[in-house]
Every structure is written in structure tokens, then in C-alpha cells.
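Asks:
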Amino acid sequence: MLLKRLLPILFLAGISTTVFADQSVTLHSPDGNVQLGLLHRSNGDLTYRVFYKGKTVVAPSGLGMRLKSPELSLSKFDLLGIDSSVTDETWKPVWGEVSQIRNNYKQLLVKLADRSGSGIQLEIIFKVYNDGVGFRYSFPQQAKLNHFIIGEELTQFAMSGDHKAFWIPGDYDTNEYPYYTTNLSGVDATGGGAAQEIHAKTFFDKSAVQTPLMLKSADGLYINIHEAALVNYPAMNLVVDKNTFTLNSHLVPDAVGNKAYLQAPAVTPWRTIVVSDKAGEVLTSKLILNLNDPSKIEETSWIKPMKYVGVWWEMHVGRSSWDYSGGQVGSQQATKVPHGANTANVKRYIDFAAKHGFSGVLVEGWNTGWEDWFGQWKEDVFDFVTPYPDFDVKELKQYAANKGVKIIMHHETSGSVTNYERWMDTAYRFMKKFGYDAVKTGYVGRIIPRGEHHDGQWMIKHYERVAQKTASYKIMVNMHESVRLTGLHRTYPNWIASEAARGNEFNAWSVGNPPEHETILPFTRLMGGPMDYTPGIFKIKMSHYNPEKKEQVHTTLAKQLALYVTMYSPLQMAADLPENYEAKPDALQFIKDVAADWDETKVLDAEPGDYILMARKAKGADQWFMGAITDENSRGLGADLSFLDEGKVYQAIIYRDADNADWKNNPEAYTIEKKLVNKNSVLGLKLAPGGGAAISMIPLTAEQQLQMKKEIKALPKSKKKK
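To get this note's numbering, take the position in the sequence shown, counting from 1, and add 1.
#1: Kindly indicate which residue of E153, K676, M568, Q553 has the alpha-carbon position closest to the one of P668.
#2: Closest to A622 by CA distance: which of L47, L28, H463, S100 is it?
#3: With distances taken from CA atoms, which of S43, Q705, V362, K687 is nearest T631?
#4: Write down every uninterrupted run of the beta strand (DSSP E) in the segment 295–329 whose length is 3 residues or greater and which is fully enclosed by it, in chain order.
#5: Under 8 Å, do H490 and G443 count as touching if we go by C-beta distance?
#6: If you compare alpha carbons, which of L40, V129, Y534 is closest to L292?
#7: S332 by DSSP, collapsed to three states: which one?
#8: Can the beta-carbon of Y474 be found less than 8 Å from the beta-carbon of K433?
#9: Once DSSP output is grouped into helix, strand and coil, what is the label at D393?
#10: Taking a contact to mean a Cβ-Cβ separation below 8 Å, would you say L684 touches Q706 in this structure?
#11: Short check: CB of Q573 to CB of K308, under 8 Å?
#12: Between which two residues does the alpha helix (DSSP H) harbouring I521 extend?
#13: Quick check: the segment 252–263 against the segment 299–319, are there 3 or more CB pairs under 8 Å?
#14: Go ahead and label D132 buried or exposed: buried means 16 or more other beta carbons lie within 10 angstroms of its beta carbon, across all protein chains shown.
#15: State the Cα-Cα distance for the pair W1 and D352, rounded to the nearest angstrom.
#16: Considering only the alpha carbon of each residue, which of D163, T191, N184 lies closest to D172?
#17: Per DSSP, which residues does F127 bridge with? Please list them.
#18: Is R42 helix, strand or coil when you go by DSSP?
#19: Return the CA-CA distance between V566 and K207, expressed in angstroms with no decimal places.
#20: Once the 5 residues before and after D393 are set aside, which same chain residues still bring their CB inside 7 Å of it?
#21: Report yes or no: do three or more beta-carbon pairs, one from the segment 158–177 and one from the segment 200–218, lie closer than 8 Å?
#22: If I'm right that E413 touches F383 with Cβ under 8 Å, what's the distance once you round it to whole angstroms?
#23: Kindly give me the distance between the Cβ atoms of L558 and Y671, rounded to whole angstroms, as I take these residues to be in contact under 8 Å.
#24: Rounded to the nearest angstrom, how far is the Cβ of A576 from that of I538, given a contact under 8 Å?
#25: Going by DSSP in three states, N104 sits in which element: helix, strand or coil?
#26: Please list, in chain order, all residues of the same chain as H164 whose beta carbon is under 8 Å from its beta carbon, the five residues on each side excluded.
#27: Expressed to the nearest angstrom, what Euclidean distance is found between the alpha-carbon atoms of T556 and L263?
#28: According to DSSP, is K433 helix, strand or coil?
#29: What's the C-alpha gap between T18 and E177?
#30: What is the residue span of the beta strand (DSSP E) that N225 lies within?
#31: Is DSSP giving G162 helix, strand or coil here?
#32: Tell me the residue span of the beta strand (DSSP E) that contains G693.
#33: I need the straight-line Cα distance from K395 to A439, nearest angstrom please.
#34: Taking the runs of the beta strand (DSSP E) that are 3 residues or longer, which of them lie wholly in the segment 424–481?
#35: Can you tell me the Cα-Cα spacing of A695 and R617, whole angstroms?
#36: At what residue ranges does the segment 487–544 contain a whole run of the beta strand (DSSP E), taking only runs of 3 or more?
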């Protein structure tokens with residue numbers, strides 16, 4: 002690690018001994034492309050601005066805090082001083098998209114005093130990277146401030162124009178909305194938008210959006226605004242001023258309207274601005290991860306990326322129930338269906354996992370309590386240790402162990418979080434006793450304690466407690482219906498995934514996710530961390546299960562395969578039913594082959610809302626996998642393979658849309674082709690509407706190359722499956 006003082010800082014109007022002169026400072030990123038400018042005016046205002054290669058990213062924008070106790074607006078400051086430093090280090094993540102990450106930035110620490118005479122001091126820390134800027138507020142230990150309450154944060158992000166935006170409505174309780182694509186002036190989330198099937202949502206302003214917010218300017222800049230290291234603080238929404246295109250921070254309140262309860266010394270999360278003139282560089286940015294603390298878990302060998310199957314999708318498509326009595330949760334339907342989490346059915350999934358090399362089997366609906374809680378705001382629903390009569394915990398422990406498979410625990414809290422916190426230790430001891438090393442938590446419904454929100458400070462502290470507590474038992478955790486991620490998987494690498502967005506299950510029983518959805522998520526939700534999106538659906542139309550159902554997955558089958566590459570997660574589910582995979586073993590092969598942990602990631606081409614073309618190298622192996630996806634439009638893409646090793650020939654197995662495939666009319670038609678490729682090759686890929694392509698590339702010996710040439714000659718030009 003290199004750490005040294007930066008002297009001199011460039012002052013446009015030097016720091017003066019008088020309080021009446023404007024004072025300004027600029028700081029460039031290590032490569033010079035990103036420029037941060039600070040201006041402290043004689044009236045006490047402090048603003049910042051950001052440029053990228055001379056283009057405005059953030060126009061002059063306000064900074065500050067409004068305290069509720071003591072009642073005070075921290076918006077006019079005396080400038081006490083500025084410290085500066087530079088850091089250049091490299092660290093290795095426990096798991097991730099790359100094997101090592103460079104953390105290279107220049108820093109300013111701006112020391113301020115409240116000008117009103119309160120004596121309160123505040124610091125703002127800026128870090129300028131080659132791909133953007135992060136900044137946070139810090140309240141140092143001081144005589145004039147101890148316990149205090151945040152009323153609102155006064156941070157602004159002033160945009161230079163009416164940018165194209167990829168957004169979901171601002172909300173205190175859910176991020177399971179489909180994305181809208183409009184200009185900033187067109188943001189209108191009235192009533193929370195079209196996603197009326199979401200049960201627990203708290204819409205608050207038709208001009209509000211959530212982060213991560215992806216923007217594209219008319220002059221070709223890609224700008225992403227989010228936060229990093231969200232700890233002991235509420236999540237940030239943004240309210241759009243449609244006259245000035247300024248984004249104003251809005252923190253999620255608690256039950257009595259306060260935003261955060263803090264005690265000095267205290268810091269806020271980092272506010273992050275990622276910028277590039279290439280969309281793909283936004284996807285490869287590690288700025289958010291770098292702004293998080295290093296791992297607090299010293300021994301991490303027990304944290305293992307994995308692929309899994311599970312008793313889950315069959316409930317969403319109506320084949321079985323979470324509820325032992327056979328009634329679907331929330332539907333109170335008269336027609337009963339079998340209880341899914343029974344011993345014989347779970348054994349069937351364990352057999353499938355063992356046969357095809359999946360490490361885990363998720364089982365939902367195994368425990369008592371599913372009968373009547375949905376929508377009732379009921380307090381003590383689950384105890385997390387009492388199975389239904391048809392789920393034999395001891396027998397399944399032994400059966401799974403004999404097959405070399407791990408069962409993944411499911412803890413649906415029903416939003417009754419105080420109840421879950423009372424049971425956590427008991428539940429985790431139960432897990433370890435019966436061989437469970439990973440848990441999927443859920444927070445469906447309104448939060449208890451009543452009046453708290455999924456994204457408020459109380460719940461933010463709960464999610465961290467769960468990460469800490471599971472780590473103490475050497476348990477990996479996958480949180481659903483939680484706050485969107487902010488890079489905390491660096492600090493708690495056992496927090497191996499989250500949902501925290503609109504997942505694949507919405508395709509089974511609602512209007513679903515439009516074809517562009519998966520081309521937006523990597524630029525938004527996945528900026529903060531991996532998503533348990535549950536890809537791999539082979540039976541696309543829900544009429545397969547019920548002729549009266551019109552719902553369907555809004556992709557082709559080939560696109561479902563490509564999502565294993567484009568939708569990053571170290572915890573990847575093969576979400577469909579075993580029999581649907583057994584019917585298409587050649588397509589299943591890609592899911593079996595694709596890695597869940599990576600050494601390298603290359604974004605070859607991308608445009609938010611339109612398409613993504615990405616390649617990844619498997620962890621510790623000379624194998625590359627590629628995924629290409631598109632929106633509702635058909636598309637041709639050229640995949641430049643110059644990232645492959647010099648002098649090696651690879652077998653490329655291409656799983657692509659058939660020529661007549663279409664997400665709506667012919668989604669399950671796919672073609673598998675084999676080709677010899679090297680670093681000089683360019684693969685032409687034709688993607689159907691809503692379609693995709695998945696490619697595996699493995700280096701061949703000279704003997705294998707000769708054999709493959711014979712096989713290719715003997716093959717027909719294409720092998721089609723419908």
C-alpha cells in the first residue's frame with residue numbers, strides 16, 4: 002500500500018485567513034479524467050461539482066445536514082482546514098467477479114464548523130477515483146455534539162441536463178418494481194407505478210426514485226448514483242426537481258418521522274458517483290466495493306460460492322404449496338395442492354442435485370406457520386425450528402449427507418423482525434445440528450416493530466446483525482426483500498447474495514418482467530452487489546401448468562442460460578423443476594458447466610436497457626464463459642475474443658436462439674453449435690427478440706483439436722430444439 006501526503010493542492014482562490022473570500026479547491030483522479038471541485042463561498046455555502054474528461058457530471062450541488070435534535074441546519078460553514086492523501090493498494094476478495102481489486106484514489110478531508118455559533122464541527126471526506134467520486138459526512142468526537150437525530154440530509158446531485166434515466170419509484174419498503182426508462186423530466190411514479198401486485202410498499206412522492214440510479218447524458222456520459230457502506234443509517238432515495246434536474250436526497254424515516262439516531266463519532270454511508278463514456282466501464286467499476294471496510298471475518302474458507310436447486314418454483318407455478326394444508330399462501334384458494342416440502346419430494350431434488358453436480362437444495366415451506374400470516378401483520382408466526390409432520394429433518398440430514406449435497410435453510414420472517422431476532426441463536430444452532438451451512442431469509446410483509454420500514458435505520462441495523470450473527474455460526478446468508486446492497490459483502494463475505502429487486506418469480510404470477518429488465522438490472526441493482534435472480538427457467542409459458550394461465554417468462558430459453566454470466570451472483574439457482582431440465586439435458590449442460598466464482602470479467606459491449614455482452618473466466622480454471630442478452634428487439638453482436646490466451650485454441654460451445662425464436666411466440670427454440678476459436682476470432686451472435694446466447698470456451702490440446710474438427714465435419718450445420 003502506498004500512502005503519502007498530496008502537496009500542493011491546487012487552489013483556484015487560495016485558502017485565506019479572512020472569512021470573506023470565496024475559497025475553492027480542485028482535485029483530479031489518479032489518471033486525470035475525473036475532476037472534483039469544491040467551492041466555499043463567503044456566505045458559508047459549500048458546494049461540489051464533478052467533471053469527466055472536461056464534461057460536467059455533477060453541476061454545483063449543495064451539501065449539508067438538517068438536525069432535528071439539536072434543532073439546527075448545518076448548511077453554512079466556516080472552513081477550518083483541508084487534509085489530503087493518496088492511496089494505491091490491491092486487495093483480494095473472498096469471492097467475486099475478479100480475483101483482485103485495485104483501490105487507487107486521491108482524498109480530501111474537509112474540516113468545517115457550523116457558522117451559526119453552535120460550535121458543532123462536521124467533516125466531509127471525498128475520494129476521487131478514475132471511475133468516479135465517493136463522499137461521506139463525518140461527525141468527529143466533540144464537546145458540542147454527542148447524541149443527535151438526523152432530520153434530513155441536504156445532499157444534492159445537480160445534473161447538467163434532462164438525462165435519460167433508468168429508474169424505479171422511490172419507496173420505503175420495496176424495490177420490486179419494474180424499471181421505467183424516461184428523461185428526468187418524465188419521472189412520474191404516481192401511486193408507486195404499475196406494480197400493484199407488490200404487497201408491502203410505501204410510496205411517498207411521485208417525483209422520487211431509488212438508487213442505484215442509472216443516467217445517460219446527451220453528450221454521451223454514463224452516470225450511476227448510489228451509496229456504499231450503508232451501516233446504522235437509512236437508505237437514500239432521490240427526489241427529482243424537474244425544473245433544474247437536481248436530485249435531492251431523501252432518507253427513509255422511522256415510525257415517528259426521524260431519519261437516524263447517531264452518537265459522535267459517527268459517519269454516514271458514502272454517496273457514490275460512477276461515471277464513464279463507455280457503458281461497460283460502469284459495470285466493471287469497483288468504486289462501491291472499495292469504499293467498504295475490509296472483511297471482518299478472519300477465516301473464510303467455509304464461505305463457498307455454489308449453484309443450487311430447490312423446492313421453490315413449483316410453489317410459484319401452482320404445483321405445490323408452502324402451506325402444509327395445501328392452500329397457497331395469500332390466495333385462500335378452494336382448490337388444494339400438495340405440500341411441496343415433504344420428505345419424498347425433497348429427496349427427489351437431492352437426487353437431481355447429486356446427479357448433476359449441484360451443491361445445494363433450497364427447501365421452502367418446511368416449517369410450521371405458513372397457514373394464515375400473509376397480509377395479517379401477525380406478530381409471532383414462525384419459530385424456525387418446528388418442521389411440518391411430513392418433513393423429516395433427521396432423515397433428510399442423513400440422506401443429503403450420503404449424496405454429498407447440502408440443504409439450504411429457509412427463514413421467512415413474515416416481516417416480524419423482533420420475533421426473528423428472538424429466535425436467531427436457537428434457529429442457527431438448529432441449522433448447525435442438522436448440517437445446514439446456508440440460509441435464505443425473507444422479509445415479506447410490513448415490518449414489526451410496526452411503523453418501521455424495510456429501508457429505515459432500524460432494519461439496516463438488523464440486516465447487519467444477521468450478517469454478523471450468521472458469520473459467528475459459519476453460516477452463509479442470502480437475504481430476500483431486504484434493502485438494496487451497497488457493497489457490504491466485502492465486509493461480510495458470508496452475506497453471499499440478496500434479492501432486493503424484482504426477481505424472476507414475478508414472471509410466474511404477475512405482469513412479469515419486461516424483456517429489457519435484465520439489461521437494466523446490472524446497471525442499477527447489481528452495482529451494489531450480487532443478486533439472487535433465480536435464472537434458468539426452461540418451461541417459459543405458465544400455460545404448461547394451467548391452460549388458463551397467460552403469464553410467461555419474458556425471455557427465450559437461451560437468454561435464461563446467458564443470465565448465469567450477465568447477472569452476477571456467487572449463489573446461482575437452477576430455478577426450474579427437475580423434470581423440465583431432464584427434458585432438455587443438452588441445454589442443462591451449460592448450467593452444469595458455468596462457474597459461480599470468477600477470476601476475470603470482461604464487458605465486451607453494453608448499452609443499458611438494450612443489450613449486454615460479457616465474458617468471465619472461471620476461478621482457478623482456464624475456462625471462459627460468455628453471455629449475451631437483448632431487450633425486446635432482435636440484435637446482432639460481434640464478440641471479439643482477443644482476451645483469450647495467446648497460442649491456445651478453444652472449443653466454443655454456443656447455446657443460442659434458434660433462427661425462428663422469439664420471447665413471446667417461440668421462446669423455447671434454441672440451437673447448439675460447436676466451433677474452434679482463438680484470440681483472433683470474432684463470434685457473430687444473432688439474438689432473437691427477448692433473446693440471448695451463452696457460450697463456454699475450453700482450451701484444447703492438439704489431439705483434441707483434431708478430434709473436434711472431425712466431429713464438427715460430421716455435425717449438421719445446426720442442432721435445433723423446440
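We treat Cβ as the ideally placed atom computed from N, Cα and C, and that holds for glycine.
Treat the numbers as computed from the prediction; the structure is a model and nothing was measured.
Replies: Here's the rundown:
#1: Q553
#2: S100
#3: K687
#4: 307–312
#5: no
#6: V129
#7: With a pLDDT of 48 at S332, under the threshold of 50, the predicted position of this residue should be treated as unreliable, and no value is reported.
#8: yes
#9: coil
#10: no
#11: yes
#12: 518–521
#13: no
#14: buried
#15: Nothing about residue 1 can be reported from this structure: the residues present for the chain run from 2 to 723 only.
#16: T191
#17: L109, F136
#18: coil
#19: 35 Å
#20: T344
#21: yes
#22: 7 Å
#23: 5 Å
#24: 6 Å
#25: strand
#26: N184, L185, L216, K217, S218, A219, I224, F246
#27: 46 Å
#28: helix
#29: Residue confidence for T18 is low, a pLDDT of 33 falling below 50, so the modelled location carries little weight; the figure read from the coordinates is stated next. Their Cα atoms are separated by approximately 52 Å.
#30: 223–229
#31: coil
#32: 693–701
#33: 17 Å
#34: 439–443, 477–480
#35: 11 Å
#36: 496–499
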